[in-house]
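Numbering (my numbering), first residue to last: 49 to 202.
In structure tokens, the structure reads:
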């Protein structure tokens, strides 16, 4: 006699898309995949009656871990250099919702492919979206002390 089909064994799992739940790597800023894997881990580690909890319930814990990782990279990563707490949490919730939709096969093929291609991109919480370029790319003088320039100014 076979076991009954349940959502847990008949539908696509997010872990099939991003891998198993995992803590953030201490040596790197988190990628989109890292954030989703952290969410899976937090959901798994939550109390038994919270196992089926919504991602919204876990966002505070995940936010704390992500912010700590960014601030390890640079202690000046605080508002206004980074997006507000509310904005980051909203970005996390939207990301999780898109990941679940892709996992369940919802949406257009191009949107799914774009999402999957972006999994290993940095989960960016910086306010500034200026392009950073090296002196060689900009073509400035060899004695430039800056070593890098933003598209907003040299």
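Even glycine gets a Cβ: it sits at the ideal position worked out from N, Cα and C.
With respect to the alpha helix (DSSP H) encompassing residue 85, which residues constitute its N-terminal and C-terminal limits? Unbroken alpha helix (DSSP H) run through residue 85: 80-93.
Taking buried to mean at least 16 other C-beta atoms within 10 Å of its own C-beta, is residue 124 buried or exposed? Residue 124 comes out exposed.
Check whether the stretch 187-198 and the stretch 152-163 are in contact - that is, three or more C-beta pairs closer than 8 Å. Verdict: no, contact absent.
Under a three-way DSSP split, which group does residue 63 fall into? Helix.
Between which two residues does the alpha helix (DSSP H) holding residue 112 run? Counting along the chain, the alpha helix (DSSP H) containing residue 112 begins and ends at 107-121.
Answer yes if the stretch 68-79 comes into contact with the stretch 130-140, meaning at least three C-beta pairs across the two stretches below 8 Å, and no otherwise. With a cut-off of 8 Å, the stretch 68-79 and the stretch 130-140 do not count as touching, because too few Cβ pairs lie within range.
Once DSSP output is grouped into helix, strand and coil, what is the label at residue 196? In this structure, residue 196 counts as strand in the three-state DSSP scheme.
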